[in-house]
Amino acid sequence: MDLEGMQQLQEVDIQRDQAKRELQAVLDQISDPPFIGQLDAELEAQEEEARLADQAVREAHAVVQTAQRRIEVTDQRLYSGSITDHRTLEELQRDLYSQRQQLPPLTEAENRATQEAEHAHDASGWLQQLRTGALDVWNARQSELDGERHEAQERVDEFSRQAELLREKLTQDDLDTYDQYRRRRPRVVATVAGGVCAECRLTLPTIVVTRARRGTRAVECPSCGCLLRVA
Ligand SMILES: [Zn+2]
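If you want our numbering, it's the 1-based position in the sequence shown plus 35.
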C-alpha cells in the first residue's frame with residue numbers, strides 16, 4: 036500500500052476542494068442585471084411629462100403671439116386715420132388698453148411653462164444618469180468577478196491535473212481504498228510522529244504503531260479513522 040503516494044494525492048485534493056469552494060463563492064456573487072424596471076417606468080413617465088411640458092410651451096407661445104397680433108391690428112386701425120367716428124375711436128382705445136393689460140399675464144404664463152419644461156427635462160436627465168450609473172456599477176463588478184472566476188477555475192484545473200498525475204502512480208486497489216475513505220473524510224492518511232496521530236493528536240497504542248510501521252496492511256487510527264503512515 037503506497038501510503039506516501041495517497042498522502043500526496045490527499046494534499047492536492049484538499050487544495051482542490053478549497054479552490055472549488057473559492058470558485059463557488061465567486062459564482063454565488065455573479066448576479067443578474069440590477070432590477071431597473073421601476074427606474075425605467077419612472078423615466079418613461081418623466082419623459083412623457085417633458086413632452087407635455089414642451090407642448091404647453093408651444094401653446095403658451097402661440098397664445099402670446101395671437102395677443103400681440105391683435106394688439107398690432109387694433110393699433111393699426113386706431114392710428115390708420117381711416118376711422119373718424121368718435122365713439123368707434125374711443126372703443127378702439129379701450130380695446131387696445133384692455134388687450135395690452137392682458138398681455139403681461141400671458142407672457143408670464145409662457146415663462147412659467149418654459150421653466151416647467153426645463154425642470155421636466157432636468158429630471159429626465161437625472162433619472163437617465165441614475166440608470167446609467169446603476170448599470171455601470173453592475174458591469175464593473177461583473178467583469179471583476181469574471182476575472183476572479185477565471186483565476187479560481189484555473190486553480191481548480193491545475194490541482195485536478197496534479198491529482199490526475201498522482202493517481203496514475205497508484206495501483207487500482209490503492210485508488211479504490213483512497214476514494215472510499217475520502218468520500219467520508221477530507222484526510223485519508225495521517226502521519227504518525229512520536230507515536231501520535233498527526234490528524235487527531237491521539238497518542239497511539241504501541242501495538243498499533245508497530246503494525247502501522249510494518250506497512251503490510253492498512254491500519255486505522257482508532258480515534259479519527261485515518262490510515263496511519265509511520266514516517
Ligand atoms: Zn487519528
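By construction, the Cβ of each residue, glycine as well, lies at the ideal position given by its N, Cα and C atoms. Note that this is a predicted model, so its numbers are computed, not measured.
query	result
Cα separation between L200 and G168?	49 angstroms
Specify, as a first and last residue, the run of the alpha helix (DSSP H) that L124 falls within.	121-204
Quick one: grab the DSSP three-state call for E255.	strand
Which whole-angstrom value is the C-beta distance of W161 and P69, which I expect to be below 8 angstroms?	Not really, about 18 angstroms apart at Cβ, beyond 8 angstroms.
In terms of residues, what are the limits of the beta strand (DSSP E) holding A76?	Looking at the DSSP string, A76 is not in any beta strand (DSSP E); the run it does join, the alpha helix (DSSP H), is 72-114.
If we count the other Cβ atoms within 10 Å of its Cβ and call it buried at 16 or more, is R56 buried or exposed?	exposed
Mind checking which residues open and close the beta strand (DSSP E) that includes A266?	Per DSSP, A266 belongs to no beta strand (DSSP E) and is neither H nor E.
Thinking C-beta only, is V191 closer than 8 angstroms to A54?	yes
Helix, strand or coil for A225? Go by DSSP, reduced to three states.	strand
Short of 8 angstroms in beta carbon distance, which residues of its chain neighbour V98, apart from the five on each side in sequence? Order them along the chain.	L141, A144, E145
Are R202 and L74 touching if we call contact CB-CB under 8 angstroms?	no
Less than 7 angstroms separating the Cβ of A225 from some heavy atom of ligand 1?	yes
Which same chain residues end up closer than 8 angstroms to V47 when comparing Cβ atoms and leaving out the 5 residues on each side of it in sequence?	F194, Q197, A198, L201
Start and end of the alpha helix (DSSP H) containing D241?	The identity of residue 241 in the sequence shown is Thr, whereas the question assumes Asp. 241-249 is the span of the alpha helix (DSSP H), which, as asked, contains T241.
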